[in-house]
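To convert, note that position 306 of the sequence shown is 305 in numbering that gives the first Met the number 0; the numbers rise steadily by one, no gaps.
The C-beta atom is built at its ideal place from N, Cα and C for all residues, glycine as well.
Quick caveat, the model's predicted, so the values are computed rather than measured.
All remarks here apply to the structure that follows.
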Amino acid sequence: MFEHKIDQREEGKRLDKIVLGFVDKSRSQIKRIIDEGNILVNEEIKKPGYKVKKGDIVKVDYEKALQNDTMLEESLAPEPLELNIVYEDENIIIVNKPKGMVVHPAPGNVSGTLVNALLNYTDKLSNLGGKFRPGIVHRLDKDTSGIMLIAKNDTTHAYFKEKFKSREINKDYLTLCYGDFPEEKALIDAPIGRHPVDRKRMSITGEGRESITKIKILSKFYINNNTISYLKVTPITGRTHQIRVHLSHLGYPIIGDEIYKGRKDINLNEIKFISGQVLHAFKLRFYHPYKKKEVVFRTPLPFDMMNLVRRLNRINK
């Protein structure tokens, strides 16, 4: 464990820049180490952008950070995993990621990821996302299924990264949540940031980043004095866990979401077979820079979610 005390000259600087001065890592690596909780300020987890104060004690757990780096290095191996390819050309791959698959290697998930499957499938993947994220332009949570865009070269990656940033790529999700969602159409505008206590969670906070989500009700199901709402959800921004956090904040948590379910723990036999949140990215629409036209890709509901919708439809006939 290494300790560093902030002096007058360092006061007001970002934590990640301070650590960069005495840890032999890139800034992106340092950011990840901070996010993993291996760099503390006064025994507390802070964000990489935290402005340090004179007298702050910065502690770096070298052993754990290096152990994680070694594990990730070893994780970048091709694995013959099933890959559901929706579309492919010389610049992009559109895949349908299954629920339960992590997108890229990270501490705690060093194998069986989408990246491992992609490395086994092709050696043509962009590098702009970093060493551990070849081809990855955007992500889905482990238990969120659905459509993803993969870049096969850096030029394509840079183009789509900018289009995601400028909100020119449309992503639509389908989900089922607990509760009688009150509006046929709604716009949720609530800033999201890291949870102040649990670093694995996100939360609505005034210090968070702008987060906007559009909601449209597709149908409602009534069962044992409970209501389940079937929604189409379109995130305008792309924050971590955005849809899950926004719906939970309003009191309509997604079925199967153990992290953001809040106090909604409805014991219904009809949904006991569900594992992980029922959230599926079913449509992706964007302008294809090489085909010179707008393209739309869709993926069907995964079996467990389709099965749930069918059961609820039968009950409500």
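Excluding sequence positions up to five before and after Tyr286, its CB lies within less than 6 Å of the CB of Glu293, all in the same chain and listed in chain order.
Remark: fewer than three beta-carbon pairs, one from each stretch, lie closer than 8 Å, so the segment 196-208 and the segment 152-159 are not flagged as touching.
When secondary structure is reduced to three states using DSSP, Lys199 falls in the coil class, being assigned neither helix nor strand. Under the 10 Å beta carbon count, Val114 is surrounded by 16 or more other beta carbons and is classified as buried. His156 sits in a helix when the DSSP states are folded into three classes. For Asp6, there is no enclosing beta strand (DSSP E), since its DSSP letter is neither H nor E. Counting along the chain, the unbroken beta strand (DSSP E) around Arg193 starts and ends at Ile191 to Arg193.
Per the Cβ contact rule, the segment 8-28 is in contact with the segment 45-52 (3 or more Cβ pairs under 8 Å). Apart from the 5 residues on each side of it in sequence, Leu127 sits with its Cβ closer than 8 Å to the Cβ of Ala150, Asp153, His156, Ala157 and Lys160 in its chain, given in chain order. Of the residues assessed, Leu124 falls on the buried side of the cut-off, its CB having 16 or more other CB atoms within 10 angstroms. For His245, the uninterrupted alpha helix (DSSP H) segment begins and ends at Gln241 to His248. Listed in chain order, the non-local C-beta contacts of Lys45 below 6 Å within the same chain comprise Leu14, local neighbours out to five positions each way being set aside. In the structure shown, Arg208 falls within a strand segment according to DSSP collapsed to helix, strand and coil. Secondary structure of Tyr120 (DSSP, three-state): helix. Ile227 and Ala185 do not touch by the CB rule: their CB atoms are close to 17 Å apart, not below 8 Å. For Pro79, same chain residues with a beta-carbon under 7 Å away, outside a window of 5 residues either side, are Asn119 in chain order. Rounded to whole angstroms, the separation of the alpha carbons of Ala76 and Met305 is 33 Å. Using a C-beta cut-off of 8 Å, the segment 168-185 makes contact with the segment 247-260, since at least three inter-stretch Cβ pairs fall below that distance. Judged by DSSP secondary structure, Lys58 falls within the beta strand (DSSP E) whose first and last residues are Ile56 to Val59.
With respect to the 8 Å criterion, Ile314 and Ile203 are not classified as neighbours on the basis of their beta carbons. Ile235 sits in coil when the DSSP states are folded into three classes, being neither helix nor strand.
Rounded to whole angstroms, Asp122 and Ile84 show a C-alpha spacing of 16 Å.
Relative to the Cα of Leu148, the nearest Cα in the group Gly99, Glu182, Ile168 and Val94 belongs to Val94. DSSP places Glu161 within a helical segment (H, G or I) once states are collapsed to three. The closest CA to that of Gly275, considering only Ser25, Asp142 and Glu81, is found on Asp142. Per DSSP, Asp15 has no beta-bridge partner at all. In the displayed model, Leu311 falls within a helix according to three-state DSSP.
Val57 has its alpha-carbon roughly 18 Å from the corresponding atom of Pro195. Ile135 sits away from Val109, with the two beta carbons spaced by 8 Å or more.
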